[in-house]
Every structure is written in C-alpha cells, then in structure tokens.
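Engineer:
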Amino acid sequence: MLKYVNFCNDIQHFCNFRLYNSDLRVWIPEYNCGTYTDLMVVDGQPQLNGERTDEILNPLVIVEVLSPSTEGYDRGDKFRKYRSLPGFCEYLLVSQTEPYIEHYHKLDDSSDSVRGASRRELALLQAVRWQWQVYDHPDQSILVHSLNVEVPLGEVYRRINF
Numbered sequence: 009m010l011k012y013v014n015f016c017n018d019i020q021h022f023c024n025f026r027l028y029n030s031d032l033r034v035w036i037p038e039y040n041c042g043t044y045t046d047l048m049v050v051d052g053q054p055q056l057n058g059e060r061t062d063e064i065l066n067p068l069v070i071v072e073v074l075s076p077s078t079e080g081y082d083r084g085d086k087f088r089k090y091r092s093l094p095g096f097c098e099y100l101l102v103s104q105t106e107p108y109i110e111h112y113h114k115l116d117d118s119s120d121s122v123r124g125a126s127r128r129e130l131a132l133l134q135a136v137r138w139q140w141q142v143y144d145h146p147d148q149s150i151l152v153h154s155l156n157v158e159v160p161l162g163e164v165y166r167r168i169n170f
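Everything in the sequence shown is counted per our numbering, starting at 9 for the first residue and increasing by one.
1. Can you give the Cα-Cα distance for Tyr112 and Leu56, rounded to whole angstroms?
2. DSSP state of Tyr112, grouped into three classes?
3. By the 10 Å Cβ neighbour count, where 16 or more other Cβ atoms means buried, how is Cys97 classified, buried or exposed?
4. Taking 9 Å as the cut-off, decide whether the C-beta atoms of Ser75 and Gln104 are in contact.
5. At which residue ranges does the region 39 to 66 contain complete alpha helix (DSSP H) runs of 4 or more residues, listed in the order of the chain?
6. Which residue wins for smallest C-alpha separation from Asp144, given the options Glu110, Asn169, Asn156, Asp116?
7. Assuming contact is defined by CB atoms lying nearer than 9 Å, are Cys23 and Leu155 in contact in what I supplied?
8. Over what stretch of residues does the alpha helix (DSSP H) that includes Leu74 continue unbroken?
9. With distances taken from CA atoms, which of Thr61, Glu38, Tyr165 is nearest Arg88?
10. Determine the contact status of Leu93 and Val34, defining contact as a CB-CB distance below 9 Å.
11. Mark Arg91 as exposed unless 16 or more other C-beta atoms lie within 10 angstroms of its C-beta, in which case mark it buried.
12. Quick one, which of Tyr165, Arg137, Gln139 has its alpha-carbon nearest Gln148's?
13. Between the alpha carbons of Pro67 and Asp31, how many angstroms are there, rounded?
14. Between which residues of its own chain and Glu63 is the CB-CB distance below 6 Å, once the five residues before and five after are set aside?
15. Could you compute how far the alpha carbon of Trp138 sits from the alpha carbon of Leu47?
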C-alpha cells in the first residue's frame, strides 16, 4: 500500500490531484455522517463541510485496506454511502493477506443506453452503473480511470511476504 501512496504522491507533481490519508474524514451529506478512509484522492481543491477543516465532500478515488474487523462494512454500507457522493467514481479494496485488489469504477453515463433518459432515470442508472474488476496477479496493472494512471499490482505488494 505504501508503494501506491508513493505512486500517487508522484502524480501530484504533474496533475491537480491531492492525496489525503486517514487524518481527514469524508462527509456524506445524504446520510449525515462522516467516515475515515485509508486513502482518498481529490481533483483540485477539497470542498470542506462548512467550517469543518477535517471533513471533505468531494473525493474522486477512495482506497480502503481491508481488515477482518472492517471488511464487511467497507464492502457494504460504507461503499453504499460513498456512492451517494456525486464526484466519487472509483473505489479500491486492498487485501492485506494476499495480492488481491478489487476495483470498482463508475461507468460513463453518456453511453447509448442512457441517452434520452430523464434526470430521475439517469440518477437511478448512475447509482447502479459500476464496473467491478479483480486484480490478483503481480503482472496485472490497475487502470485508475479518473487519474489516468496504471498502478502495477506487483508494485503495490512489492517487498511484502504473505
């Protein structure tokens, strides 16, 4: 995971992305709650929750490192709540026990299947139009679509013995 953080730090020098660790919470207005992420990326300036300087409203990418005590929440309610955030479009679940990452990304809503849909229909479609991909081989690379970067799985888990 440290390799992923270092990689993201490197791309900050070339782009407008900002990387935040677990010191800040994501505020989820629809659920009136905040939650900590292991890592999040924001495009440009963070939108803060009112006068709060410790709560961000606009994560683009969220990464969670799975543990036995949080895995169910990270996969279920937490992800459901994150999906209510309009700008949130990618979610990575990283295993600590084996080289295994699940990647969810919101699909483009401009496809032919949604053209002509009403706003309400489009909102309903967007809420469920996520693609899931599993990466479990060191030769694979994860395409983080919203950052337009590929992260080699072997680099994420380099120097980690299972």
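Ideal Cβ positions, reconstructed from N, Cα and C, are used throughout, including at glycine.
Structural biologist: Reading off the structure:
1. Within the sequence shown, numbered from 1, the residue matching residue 112 stands at position 104. Within the sequence shown, numbered from 1, the residue matching residue 56 stands at position 48. About 25 Å.
2. Taking the sequence shown and counting its residues from 1, one reaches residue 112 at position 104. Note: Tyr112 maps to strand in three-state DSSP.
3. Translated into positions along the sequence shown, residue 97 becomes position 89. Buried: at least 16 other Cβ atoms inside 10 Å.
4. Position 67 of the sequence shown, counted from the start, is the residue given in the question as residue 75. Position 96 of the sequence shown, counted from the start, is the residue given in the question as residue 104. The answer is yes: Cβ separation under 9 Å.
5. none
6. As a working note, residue 144 is residue 136 in the sequence shown. Checking every option, the nearest Cα to that of Asp144 belongs to Glu110.
7. Along the sequence shown, read from residue 1 onward, the residue named residue 23 stands at position 15. Along the sequence shown, read from residue 1 onward, the residue named residue 155 stands at position 147. Yes, these two residues count as a Cβ contact at 9 Å.
8. Against the sequence shown, residue 74 aligns to sequence position 66. Counting along the chain, Leu74 falls outside any alpha helix (DSSP H), and DSSP gives it neither H nor E.
9. One-based indexing of the sequence shown puts residue 88 at position 80. Out of Thr61, Glu38, Tyr165, Glu38 has the C-alpha closest to the C-alpha of Arg88.
10. Counted from its first residue, the sequence shown places residue 93 at position 85. Counted from its first residue, the sequence shown places residue 34 at position 26. Contact: yes.
11. The count along the sequence shown starts at 1 and reaches residue 91 at position 83. Burial check for Arg91: the Cβ neighbour count within 10 Å reaches 16 or more, so the residue is buried.
12. Looking up residue 148 in the sequence shown gives position 140. Answer by Cα proximity: Tyr165.
13. The sequence position of residue 67 within the sequence shown is 59, counting from 1. The sequence position of residue 31 within the sequence shown is 23, counting from 1. The alpha-carbon atoms of Pro67 and Asp31 are separated by roughly 14 Å.
14. The residue given as residue 63 occupies position 55 in the sequence shown. Closer than 6 Å at Cβ, skipping near neighbours: Arg33, Trp35, Gly42, Asn57.
15. Position 130 of the sequence shown, counting from 1, holds the residue named residue 138. Position 39 of the sequence shown, counting from 1, holds the residue named residue 47. Here the C-alpha atom of Trp138 lies approximately 20 Å from the C-alpha atom of Leu47.
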